[in-house]
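Undergrad: Have a look at the structure that comes next, please.
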Amino acid sequence: MSPPGVTIAACRSGWWWTARAGACSRPSPTTARPPGRWSGWTSLPPRWWSASGPSGPAGCGRPPPRPIRPSCEPAPAWRCHDLALTEGILLAYAGRWGEPKSLHAAWARLHGLPVPDDDLPQVPRYQPALFEPERSGLPEGEGLVAVLGEVYADQQRRLAVAEHPERLRLLVAAESAGALAAVEMAEAGLPWRLDVHDQLLTGLLGPRPAPGTLPRQLRELAVRIGEAFGEPVNPDSPGQVVRAFAAAGITVPSTRMQVLREVDHPAVPLLFEYKELSRLFSAYGWSWLDSWVRAGRMRPEYVPGGVVSGRWATRGGGALQIPRAVRQAVVAEPDWTLVVADAGQLEPRVLAALSGDRGLERAARGGDLYGGLAAAAFGGDRPRAKVALLAAIYGQTSGEAGQLLGVLRRRFPEAVGYVEAAARAGEEGQLVRSRLGRTCPPPSTGWRERTAALGRAAEDDEEVRAARRSARDRGRFTRNFVVQASAADWALALLAALRLRLDSSRPAAPELVFFQHDEVVVHCQPADAVEVVAAVAEAADEARRLVFGGTPVRFPLDSAVVSCYADAK
DNA sequence: AAACGAGGCGCC
DNA sequence: AAAGGGCGCCTCGTTT
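Take 224 as the starting number for the first sequence in my numbering and just add one per residue.
The structure is reproduced here in structure tokens:
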């Protein structure tokens with residue numbers, strides 16, 4: 224029996240989860256879709272719920288095809304509820320970080336029974352079918368739907384007693400809708416031109432090498448590096464490189480690019496070139512293509528909620544770290560196009576909205592926040608304004624940034640005060656939350672033991688210095704957390720609002736193909752591009768209104784209609 | 001042989 | 001005076 228007012232929603236992507244439970248270590252390519260699994264209804268994991276329509280799979284009882292839903296269609300709540308992700312949000316909210324959050328764990332906690340671990344190795348990570356439990360452990364005769372209903376009702380009770388129930392409910396809705404979008408996006412895949420990628424690699428590295436060997440260009444660079452040092456050196460070994468520099472009479476603390484940039488030695492430019500190409504080859508080279516690109520699409524494994532701040536992570540493929548050069552290979556299919564939209568200066572705008580600082584809000588009303596900031600307080604010096612604001616958000620205090628932060632504090636006391644309060648809370652071991660209530664992890668017991676030294680005698684010994692360092696580290700983390708996690712709140716709301724506007728029931732409908740923290744890519748027919756651009760802008764404004772209420776801060780999007788991702792910026 | 005941490009880079 | 005947040009993934013070099 225379903226909870227009152229709750230119906231099951233399904234989407235066509237369910238097969239993907241089915242594949243996960245089997246032998247596949249990553250999403251199957253479209254061509255390898257398991258036969259008989261393509262029913263949508265039976266293969267969807269039971270974590271997804273719909274609180275009110277749409278009451279069936281895509282295409283059922285929908286209005287006539289339109290690329291974009293009418294903007295007047297109300298979308299106050301997103302119609303799914305992911306029990307496990309919600310459990311994680313609620314546990315974190317209560318300071319109970321890391322406790323198992325699976326359906327069974329939540330149910331067992333509710334009944335005071337032994338709580339199963341989230342990561343039992345021998346069981347599938349996801350439920351194999353809609354009404355099958357994800358793993359054994361439910362008592363005999365206990366219907367899964369009844370269990371779902373119980374846990375759902377319990378979560379609703381816990382949401383209701385939060386400090387801002389409406390915000391936390393919105394977070395849960397956005398998180399759940401995001402999880403749905405993640406599966407759809409993984410199913411769709413990012414259009415990827417194998418031939419373009421191969422040409423890029425061949426042009427920079429030489430022909431594809433035999434397995435286990437380096438491409439020609441890397442081999443030659445390694446030889447030239449050895450010649451520059453007068454002895455063979457493995458450029459991949461920081462230890463060898465440091466020793467080689469020492470032999471040449473140059474002492475370097477490490478082989479970081481920032482360090483080597485200051486070094487005058489013929490090997491340095493060669494090392495830079497080697498590092499760049501080596502990374503391209505090893506992380507995004509031919510074997511990456513073999514693993515992640517099939518049938519013209521790159522299919523990452525998104526992990527919604529994979530980052531403590533609420534950002535997504537990916538499992539394998541490095542889909543959220545694709546180097547700019549490689550984006551040349553992301554090309555729309557023939558007679559299609561890409562709409563690439565990214566939120567400019569998102570985190571500073573989020574800080575303006577969070578803090579309600581009048582001055583920063585004023586700067587954030589325009590299209591160029593840093594420009595506005597520079598005009599207001601930095602004599603028009605935009606780079607300095609940017610450094611100052613980023614220092615506030617990231618907790619940088621050294622060098623010029625520290626000085627500029629002082630200027631910022633005098634002119635924008637509420638904005639700087641907001642992040643500094645979060646930093647103090649973190650240093651004291653307290654929890655901080657995003658706008659919608661996403662909560663940072665509590666400090667470890669080791670941290671508490673280390674920082675306990677601060678309460679005792681203030682001798683400036685090693686123990687006290689270590690304690691101060693630990694406290695400051697956590698302060699920087701919580702300072703950044705409130706901004707980064709609130710930006711993730713907004714981005715998730717944007718994604719959910721946009722997904723609702725894209726009508727996937729129509730043939731050749733626009734498809735969401737990529738989401739990266741503050742950026743979305745929609746693959747669509749050129750005739751739909753204008754509407755898609757408008758839909759993203761509407762979604763961004765809806766996210767602003769939902770997450771930040773009546774803030775005057777704008778969240779403008781830089782949108783581009785391009786055939787190649789690399790042309791977007 | 002496999003597991004791990006460190007050093008390092010690139011994405012946001 | 002002052003070590004900028006989050007992640008994934010590569011390689012090396014050591015430990016198990």
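Heads up, the beta-carbon is just placed ideally off N, CA and C, and yes, glycines get one too.
Computed from a predicted model, the values in this text were never measured in an experiment.
#1: Tell me, please, which residues DSSP counts as bridged to proline 414.
#2: Could you give the first and the last residue of the continuous alpha helix (DSSP H) run that contains serine 782?
#3: Identify, in the order they occur along the chain, each residue of the same chain with its Cβ nearer than 6 angstroms to the Cβ of valine 743, setting aside the five sequence neighbours on each side.
#4: Reducing DSSP to helix, strand and coil, say where leucine 561 ends up.
#5: On the three-state DSSP scale, how would you describe histidine 327?
#6: Following the continuous beta strand (DSSP E) through valine 184, name the residue where it begins and the one where it ends.
#7: Does the count of Cβ pairs from the segment 512-519 and the segment 412-430 closer than 8 angstroms reach three?
#8: Examine the Cβ distances between the segment 643-662 and the segment 314-323 and report whether three or more of them are shorter than 8 angstroms.
#9: Start and end of the beta strand (DSSP E) containing leucine 735?
#10: Look up tyrosine 641 in the DSSP assignment and give the residues it is bridged to.
#11: In chain order, what residues of the same chain have a beta carbon less than 6 angstroms from the beta carbon of alanine 614, not counting five sequence neighbours either side?
#12: Determine the DSSP secondary structure at lysine 792, reduced to helix, strand or coil.
#13: Just the Cα atoms here: how many angstroms apart are glutamate 754 and glycine 372?
#14: Evaluate contact between the segment 765-777 and the segment 595-612, counting only Cβ atoms and requiring at least three cross-stretch pairs below 8 angstroms.
#15: Determine the extent of the alpha helix (DSSP H) in which tryptophan 509 is found, giving its start and end residues.
#16: What residue range does the alpha helix (DSSP H) around alanine 750 cover?
#17: I'd like to confirm the pairing. Which residues does DSSP put opposite alanine 536 in its beta bridges?
#18: Since isoleucine 473 is in the alpha helix (DSSP H), which residue starts that stretch and which ends it?
#19: Is it right to say valine 736 is buried, meaning 16 or more other beta carbons lie within 10 angstroms of its own, or is it exposed?
#20: CA-CA distance, glutamate 570 and leucine 612?
#21: Counting beta carbon pairs with one atom in the segment 711-721 and one in the segment 531-539, are three or more of them shorter than 8 angstroms?
#22: Alpha helix (DSSP H) containing threonine 701: first to last residue?
#23: Under the DSSP definition of a beta bridge, which residues are partnered with alanine 566?
#24: Going by DSSP, what residues sit across from arginine 588 in a beta bridge?
#25: Which one of Gly335, Ala376, Arg634, Gly589 has the shortest CA to CA distance from leucine 780?
#26: Applying the criterion that 16 or more other CB atoms from any shown protein chain within 10 Å of the CB defines a buried residue, is methionine 408 buried or exposed?
#27: Between which two residues does the alpha helix (DSSP H) holding alanine 615 run?
#28: Excluding five sequence neighbours on each side, which residues of the same chain lie with their C-beta closer than 6 angstroms to the C-beta of leucine 543?
#29: DSSP on valine 668, reduced to helix/strand/coil?
#30: Can you tell me whether alanine 720 is buried or exposed? The criterion is at least 16 other CB atoms within 10 Å of its CB, across all chains shown.
#31: Is valine 554 helix, strand or coil when you go by DSSP?
#32: Give the single residue among Trp330, Val706, Trp670, Asp377 whose Cα lies nearest to the Cα of valine 573.
#33: Smallest Cα separation from leucine 306: which of Pro434, Thr560, Val655, Asp377?
#34: What residue from Arg319, Ala750, Val516 has the CA that sits closest to serine 667's CA?
#35: Assess, as a yes-or-no matter, whether the segment 456-471 is touched by the segment 397-405 under the definition of 3 or more beta carbon pairs within less than 8 angstroms.
TA: So, from the data block:
#1: Here the question's residue 414 lines up with position 191 in the first sequence. Answer is Arg520, bridged to proline 414.
#2: Locating residue 782 in the first sequence gives position 559, counting from the first residue. Going by DSSP, serine 782 is part of no alpha helix (DSSP H) but of the beta strand (DSSP E) stretching over 780-785.
#3: Translated into the one-based positions of the first sequence, residue 743 becomes position 520. Apart from the 5 residues on each side of it in sequence, valine 743 sits with its Cβ closer than 6 angstroms to the Cβ of Ala564 in its chain, given in chain order.
#4: As a first step, residue 561 must be located in the first sequence, where it is residue number 338. Under the three-state reduction of DSSP, leucine 561 is assigned to strand.
#5: The residue you call residue 327 lines up with position 104 of the first sequence. Helix, per DSSP.
#6: Since the displayed the chain opens at 224 and closes at 792, residue 184 lies outside it and no answer follows.
#7: With a cut-off of 8 angstroms, the segment 412-430 and the segment 512-519 count as touching, because enough Cβ pairs lie within range.
#8: Yes: at least three Cβ pairs fall under 8 angstroms.
#9: Within the first sequence, the letter at position 512 stands for residue 735. Boundaries of the beta strand (DSSP E) around leucine 735: 734-738.
#10: Here residue 641 refers to the residue found at position 418 when the first sequence is read from its first residue. Paired residue(s): none; tyrosine 641 is not in a bridge.
#11: Taking the first residue of the first sequence as position 1, residue 614 is located at position 391. The answer, listed in chain order, is Ala624, Leu628.
#12: Counting from one through the first sequence, the residue named residue 792 turns up at place 569. Shown here, lysine 792 sits in coil according to DSSP, grouped into three states, outside any helix or strand.
#13: On the first sequence, residue 754 is found 531 positions in, with the first residue counted as 1. On the first sequence, residue 372 is found 149 positions in, with the first residue counted as 1. Glutamate 754 and glycine 372 have their C-alpha atoms some 39 angstroms from each other.
#14: No, because fewer than three Cβ pairs between the segment 765-777 and the segment 595-612 fall closer than 8 angstroms, the two stretches do not touch.
#15: Here the question's residue 509 lines up with position 286 in the first sequence. Counting along the chain, the alpha helix (DSSP H) containing tryptophan 509 begins and ends at 509-515.
#16: Start at 1 with the first residue of the first sequence, and residue 750 comes out as number 527. DSSP places alanine 750 in no alpha helix (DSSP H); its state is neither H nor E.
#17: To locate residue 536, count along the first sequence from 1; it is residue 313. Answer by DSSP bridge pairing, in chain order: Val526.
#18: In the first sequence, residue 473 corresponds to position 250, counting from 1. Counting along the chain, isoleucine 473 falls outside any alpha helix (DSSP H), and DSSP gives it neither H nor E.
#19: The residue given as residue 736 occupies position 513 in the first sequence. Residue environment analysis places valine 736 among the buried positions, since at least 16 neighbouring C-beta atoms fall within 10 angstroms of its C-beta.
#20: Walking along the first sequence from the start, residue 570 turns up at place 347. Walking along the first sequence from the start, residue 612 turns up at place 389. Rounded to the nearest whole angstrom, the C-alpha separation of glutamate 570 and leucine 612 is 10 angstroms.
#21: Touching, per the Cβ criterion.
#22: Numbered from its first residue, the first sequence carries residue 701 at position 478. Residues 685-724.
#23: By one-based count along the first sequence, residue 566 stands at place 343. Leu780.
#24: For the purposes of this step, residue 588 is taken as residue 365 along the first sequence, with counting starting at 1. Residue pairing by DSSP places arginine 588 opposite no residue, since no beta bridge is assigned to it.
#25: The sequence position of residue 780 within the first sequence is 557, counting from 1. Nearest to leucine 780 by alpha-carbon distance, out of Gly335, Ala376, Arg634, Gly589, is Gly589.
#26: Residue numbering aside, residue 408 sits at position 185 when the first sequence is read from its first letter. Methionine 408 should be labelled buried.
#27: Your numbering for residue 615 matches position 392 in the first sequence. Run containing alanine 615: 605-617, per the alpha helix (DSSP H) assignment.
#28: Position 320 of the first sequence holds residue 543. Thr537, Gln739.
#29: One-based indexing of the first sequence puts residue 668 at position 445. Here residue 668 is threonine; the residue named in the question, valine, does not match the sequence. Looking at threonine 668 - three-state DSSP - the assignment turns out to be helix.
#30: As a position in the first sequence, residue 720 is number 497, starting the count at 1. With 16 or more other Cβ atoms from the protein chains shown falling within 10 Å of its own Cβ, alanine 720 counts as buried.
#31: One-based indexing of the first sequence puts residue 554 at position 331. Valine 554: strand per DSSP, three-state reduction.
#32: For the purposes of this step, residue 573 is taken as residue 350 along the first sequence, with counting starting at 1. For valine 573, the nearest C-alpha among the options comes from Val706.
#33: In the first sequence, residue 306 corresponds to position 83, counting from 1. When each option's Cα is compared against that of leucine 306, the closest is Asp377.
#34: By one-based count along the first sequence, residue 667 stands at place 444. Among Arg319, Ala750, Val516, the Cα nearest to that of serine 667 belongs to Arg319.
#35: The segment 397-405, when compared against the segment 456-471, does not touch it at the 8 angstroms Cβ threshold.
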